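Asker: The structure's right below; bear with me while I get my questions together.
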Amino acid sequence: MAITVTETAAQHIKSQLQQRGKGEGIRVGVKTTGCSGLAYVLEFVDQQKPEDQIFLNYGVQVFVDPKSLLYIDGTQMDFTKEGVNEGFKFTNPNVKGECGCGESFTI
Amino acid sequence: MALLTISEPDQANAQPTADHYAVGIDLGTTHSLVACVIDGAAQVLAEEFGQCLLPSVVHYLANGQCEVGAIAQQALIDDSANTVSSVKRLIGRGYEDIQGLADILPYQLIPGESGMVWLDTCAGKKSPVEVSAEILKILKRRAEKIIPGTFSGAVITVPAYFDEAQRQATKDAAQLAGIPVLRLLNEPTAAAVSYGLDHEEEGIYAVYDLGGGTFDISILRLTKGVFEVLATGGNAALGGDDFDRAIVQGLLEEKNITLLNTEHYCHLLITARQVKEQLTEKNVAAFIENNTSHELTREQFNQWIAPLVDRSIVACKKTLRDADIELSEIKQVILVGGATRTPLVKTKITQWFGRAPLTDLDPDRVVALGAAWQAHALMGNASSDHPVLLDVTPLSLGVETMGGLVEKIIPRNSPIPTAKTQTFTTFRDGQTAMALHIVQGESERVEINRSLARFELTGISPLLAGAARIRVTFQVDADGLLLVSAMEVTTGIAASIQVKPSYGLTEQQIAAMLKNTAQ
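Chains as they are written, first to last, in the numbering used here: chain A, 1 to 107; chain B, 108 to 626.
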């Protein structure tokens, strides 16, 4: 079971953590929302939770709670630019369908 | 896939501000209710004298004012021409559609703008939307008095069979009453929510709704947080009021009571209702008529109403067949509507479905309570007990194709928001325009479905028949509003339309009405 982060993504996470001034790493999870069922949650981590699993990639700690891990195991997180937008992109092998707006997905 | 940015911890799970409350409203044919989740418990909000059920009756007065509820009910006999009851049967309907009803309703129906039905009262011409808004205003006022915070909107329930026009008209009525609509929820779904079936096992549920004047049976399937309506059926002229009439009929025939006049009949109906309510608890009911005391046994009463209850079972059979469901597949049966308190109804349901129905909650209130839970969840209080349900399209949406047939683009029960695209082509050589006719309904034939809108795509480059490629996209947003766009792929020319059902009110009409009410 693992979550991976590309080198580009790791660099961006590091620089964002630096700008913020504090934080142990980032949290990746899912919540039930949107039109298609589930959506990703991406936030900074200040305090680790006891049940968290931690994955280390290019010096970045990725915290995942075990419930979310079921849905996103094997996911690769990348940082991309699409036109004027830039941000993190998830490639999740578990996804069966996505909604039109791309906000949420189903397993 | 949308691109994400990293957010601050716990922002995603931020708690909603506690002083905003949203309510659930059951806008019924005979009665309406409002409920709200306060301090983690759903409760029906009562008026000052403790009455929860607001009779859905509006009495218009010559000075332009109106009375709503129990006061208006009195006028049903004295001033029937200006007293509007059962307005739900008219909302969002065309004048032509309801000719059958015009003869039974005591008030005057007239054709209004864009073919929809209006009412002629002594306070002027009223649309069913305005009449419903009067009822909603009372419920809103009631809620504002009781809830300990700001009133910020409502989930309003509608029958599962309501089409786009009837739903839009219901929303218009809420807007007119100053109520922001969070969502329209199907009545059977609301009932299922109040029993917490949304976090039960996935499966098939039946909702048996026997109200004052209408009977509805709905077959729902729960899958992954979505209640699909597999089939609905029922009888628009069967309800508890028919039980009352059956009692009066029986009394006249077998208890040596002679009918004097209409007023006497109305009086007997009231007696019959009391007798019926007594017989729910007791085996024998006593009543006094014309200074003589009489008795009626439950057995006798059951005999009189048995044919009526059997009619509801026949409708259940038919609906189950429509849904292509075996009786054994049904997990639970939920009872809704005051008339389901009648012991014989429960017995017959238990016999036919082969299982005892769910009856823990007050059948008059389940729909409003379910709507309240959903409103609570939509305000950002979703918990694992009452998650936000996904909304679905009630009927299929499609376009007319050659020969008066319908090509369905978005099938019924699709979770919304949704978008679907289909490619069409031209029919004749050199065709430069295409008319798109958007319809809603389940039939393959255009004339049986409801027409929603028409628009044209012009400027297609003249090509051989079948060479042009026109992509038609149907988009339904979270509020159920439909946007249809068409684009010719080679040239990129496009046209689109925001569908506003032709029977609904225009924005200007609503604005004008809002202005009038403000004055």
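We treat Cβ as the ideally placed atom computed from N, Cα and C, and that holds for glycine. Small disclaimer: the values here were computed from a predicted structure and weren't measured.
1) Please list, in chain order, the chain A residues whose beta carbon lies closer than 8 angstroms to that of I113 of chain B.
2) Which chain A residues are close to P116 of chain B, counting only those with a beta carbon under 9 angstroms from its beta carbon?
3) List the residues of chain B that N85 of chain A touches, going by C-beta distances under 8 angstroms, in chain order.
4) Using a cut-off of 9 angstroms between C-beta atoms, extract the partners of T80 of chain A located in chain B.
5) Smallest Cα separation from V175 of chain B: which of B:H166, B:A182 and B:I205?
6) Around the C-beta of I54 of chain A, are 16 or more other C-beta atoms found within 10 angstroms, so that it is buried, or is it exposed?
7) Among B:A261, B:E241 and B:L216, which one has its Cα closest to the Cα of Q172 of chain B?
8) Can you tell me which of B:Q582, B:T528, B:L590 and B:R561 puts its alpha carbon nearest to the alpha carbon of V596 of chain B?
9) What three-state label does DSSP hand N85 of chain A in the structure shown?
10) Which residue wins for smallest C-alpha separation from T399 of chain B, given the options B:N363, B:E115, B:A446 and B:V513?
11) Would you tell me roughly how many angstroms separate the C-alpha atoms of S609 of chain B and G201 of chain B, rounded to the nearest one?
12) So N342 of chain B is in the beta strand (DSSP E); what residue range does that whole segment cover?
13) Check whether the Cβ atoms of V336 of chain B and A267 of chain B sit closer than 8 angstroms, and answer yes or no.
14) Rounded to whole angstroms, how far is the Cβ of H544 of chain B from the Cβ of S558 of chain B, which I believe are closer than 8 angstroms?
15) In terms of residues, what are the limits of the alpha helix (DSSP H) holding Y214 of chain B?
16) According to DSSP, simplified to helix, strand and coil, what is S15 of chain A?
17) Check whether the Cβ atoms of F350 of chain B and I420 of chain B sit closer than 8 angstroms, and answer yes or no.
18) Where does Y167 of chain B fall in DSSP's three states?
19) Write down the C-beta distance between V45 of chain A and V30 of chain A rounded to the nearest angstrom, noting that I regard them as a contact closer than 8 angstroms.
20) Where in the segment 203-278 of chain B do unbroken runs of the beta strand (DSSP E), each at least 3 residues long, occur, reported from the N-terminal end onward?
21) What beta strand (DSSP E) runs, 3 residues minimum, are completely inside the segment 128-167 of chain B?
22) What is the residue span of the beta strand (DSSP E) that V579 of chain B lies within?
23) Touching or not, the segment 281-288 of chain B and the segment 230-247 of chain B, by the rule of three or more beta carbon pairs under 8 angstroms?
24) Quick check: what's the CA-CA separation for R380 of chain B versus L367 of chain B?
25) Can you tell me where the alpha helix (DSSP H) with L69 of chain A in it begins and where it stops?
26) Please state if the CB of Q547 of chain B and the CB of L502 of chain B are separated by a distance shorter than 8 angstroms.
27) Determine the DSSP secondary structure at I516 of chain B, reduced to helix, strand or coil.
28) Suppose the cutoff is 7 angstroms on Cβ atoms and the five residues either side in sequence are ignored; what does the same chain contact list for Y71 of chain A look like?
29) Rounded to the nearest angstrom, what separates T565 of chain B and E7 of chain A at their Cα positions?
30) In the DSSP output, which residue or residues are listed as bridge partners for S192 of chain B?
31) In chain order, which beta strand (DSSP E) runs of at least 3 residues are fully inside the segment 289-337 of chain B?
32) In chain order, what residues of the same chain have a beta carbon less than 6 angstroms from the beta carbon of C423 of chain B, not counting five sequence neighbours either side?
Answerer: Checking against the coordinates, here is how it stands:
1) I13, Q16, I26, L42, E43, F44 and F88
2) Neighbours of P116 of chain B on chain A, chain order: G23, R27, E43, F44, V45, D46 and Q47.
3) L110
4) Within chain B, the residues L110 have their CB atoms less than 9 angstroms from the CB of T80 of chain A, given in chain order.
5) Answer by Cα proximity: B:H166.
6) exposed
7) B:E241
8) B:T528
9) strand
10) For the options B:N363, B:E115, B:A446 and B:V513, the alpha carbon positioned closest to that of T399 of chain B is the one of B:N363.
11) Bear in mind that the predicted position of S609 of chain B carries a pLDDT of just 47, short of 50, making it too unreliable to give a figure here.
12) Looking at the DSSP string, the run of the beta strand (DSSP E) that includes N342 of chain B is V333 to N342.
13) yes
14) 7 angstroms
15) Looking at the DSSP string, Y214 of chain B is not in any alpha helix (DSSP H), and its letter there is neither H nor E.
16) helix
17) no
18) strand
19) 16 angstroms between Cβ atoms; not a contact.
20) 215-218, 224-228, 231-233 and 257-265
21) 138-145, 148-151 and 164-167
22) Start and end: I577 to V583.
23) The count of Cβ pairs closer than 8 angstroms, one atom from the segment 281-288 of chain B and one from the segment 230-247 of chain B, reaches three, so the stretches are in contact.
24) 19 angstroms
25) P66 to I72
26) In this structure, L502 of chain B sits near Q547 of chain B, with a CB-CB distance shorter than 8 angstroms.
27) strand
28) By the criterion of a C-beta distance shorter than 7 angstroms, Y71 of chain A is surrounded in its chain by V30, L38, N94 and I107, once the five residues flanking it on both sides are discounted.
29) 50 angstroms
30) B:V164
31) Complete beta strand (DSSP E) runs here, min 3: 310-317 and 322-330.
32) I324
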